[in-house]
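Have a look at the structure below, then the notes.
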Amino acid sequence: MTSLFRLSYAPLFFAGFVGVACCMTHWLNAPLWTLIPLLGLAIGVSFAAEHYCPFEADWNRARGDSQRDTLHALINESLNGLSLMALPWLAVVLPTLDVWPHHWPVLLQLLLAIGWADLGITLMHRASHRYALLWRLHAVHHSPKRLYGFNGLMKHPLHQSLEALAGLGPLLLIGLPVSIASLLAFAIGIQLLLQHSNVDIRVGVLNRLFAWAPVHRYHHIKYGRAGDVNFALFFSFWDHLFGTAFKHPDARVQPDDLGIGSQPDYPDAYLDQLLHPFRTRNKTLKDPQLPPHLVHHRMATRVDGPDQDPAAR
């Protein structure tokens, strides 16, 4: 039973919640605000699944971070909601090409939006690990020392806005409707829960297609540039295309592998995390050495390769 759960959880979680969202808003004509309690239900299911079948039981134990993570989620999702409410006004103000395929079935429209947004967000994510100013904002997301679904919603609001601009900006210019934008925002929330999930997900070859927790955990290791892998939000093939994919059966992320190795004292409080990127002097140390259980040719290339940008750390 547990093996079946490990195999089916991620596909059913994503397809189930996104499918219900599409059904509610487009076939039952439910108001878009009903996606909010549906996301709340998804968070609850995520927590329950993590306790039923954890990847690391220790990551299920709060470390004084529950209130902070809740604030991140509430504020960031509220900002998402306000942004969606502003879309009709933006459609009037901004010139658009109005070439969006409104006549397509809703699922195909959503898939098109996801694919386009995924590329933009992935490129912004890569840039955030290369350029120091962007990294300062993005570092908030990398500061936790445990991974569970809620971490996906833990971002600096300014960095979240930059990702939204990179992912949704081009879509808005070609006439993305508010209803599809709302479903896209919901799908991103569901994907972030899966990407940072503490469920022991085991989906085999699907790791080459979907950027769920089994591949994304390597991205959160604390060993400097070794974690500059698996940037994609939805689809792993972007990382295979860009040469930044990593997944090896002998390299298992351990409980103490997470965080920012060069900033072990990164602030934990919510307001401190919002202000930290703007402080002129952020004390940094040398990145800790990659431990033997993660050493592999691909990881070693990321650590020692010639394309490093030390300013990003």
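Heads up: the sequence shown runs through residues 1 to 313, numbered per UniProt numbering.
Every residue gets a Cβ at the ideal spot worked out from N, C-alpha and C, and that includes glycine.
- The beta carbon of D287 sits closer than 7 Å to the beta carbons of Y223, G224, G261, S262 and R313 from its chain, once the five residues preceding and following it are set aside; these are given in chain order.
- A21 has its alpha-carbon roughly 7 Å from the corresponding atom of L35.
- V199 carries a strand assignment under DSSP once its states are collapsed to helix, strand and coil.
- Look at the stretch 178-264 and you find no whole run of beta strand (DSSP E) that is 3 residues long or longer.
- In the DSSP annotation of this structure, the continuous segment of the alpha helix (DSSP H) that includes V140 starts and ends at A132 to H142.
- Non-local C-beta neighbours of D200 in its own chain, meaning closer than 7 Å and more than five positions away in sequence, comprise R6, C53, P54 and F55, ordered along the chain.
- In the structure shown, P54 falls within a strand segment according to DSSP collapsed to helix, strand and coil.
- Note on geometry: alpha-carbon atoms of N198 and V99 lie some 40 Å from one another.
- In the three-state DSSP reduction, Y266 falls in the coil class, being neither helix nor strand.
- Contact annotation: the stretch 113-122 touches the stretch 229-238, with at least three C-beta pairs closer than 8 Å.
- Excluding five sequence positions before and after F17, the CB atoms of its chain that fall closer than 6 Å to its own CB belong to A42 and I190, given in chain order.
- Just measuring C-alpha positions, the residue of L97, H219 and L172 sitting nearest H141 is H219.
- Take V215, set aside five residues on each side of it, and the residues of its chain with a beta-carbon closer than 7 Å to its own are N207, N230, S236 and K247, in chain order.
- A direct Cα-Cα distance of roughly 21 Å separates R252 from F150.
- Excluding residues up to 5 positions away in sequence, I75, N76 and L79 lie with their Cβ nearer than 7 Å to the Cβ of P157 in the same chain.
- If you draw a straight line from the Cα of E50 to the Cα of G81, it comes to about 27 Å.
- Less than 9 Å separates the beta-carbon of L168 from that of L184.
- The beta carbons of Q254 and H196 sit no closer together than 9 Å.
- Taking the CA atoms as reference points, R126 sits about 14 Å from Q160.
- In the DSSP annotation of this structure, the continuous segment of the alpha helix (DSSP H) that includes Y9 starts and ends at T2 to C22.
- The shortest CA-to-CA distance from W212 to any of M1, P11, S3 and A226 is the one to P11.
- Taking every protein chain shown into account, the CB of R63 has fewer than 16 other CB atoms within 10 angstroms, so this residue is exposed.
- When W33, H26 and L94 are compared, the shortest CA-CA separation from I174 is found for L94.
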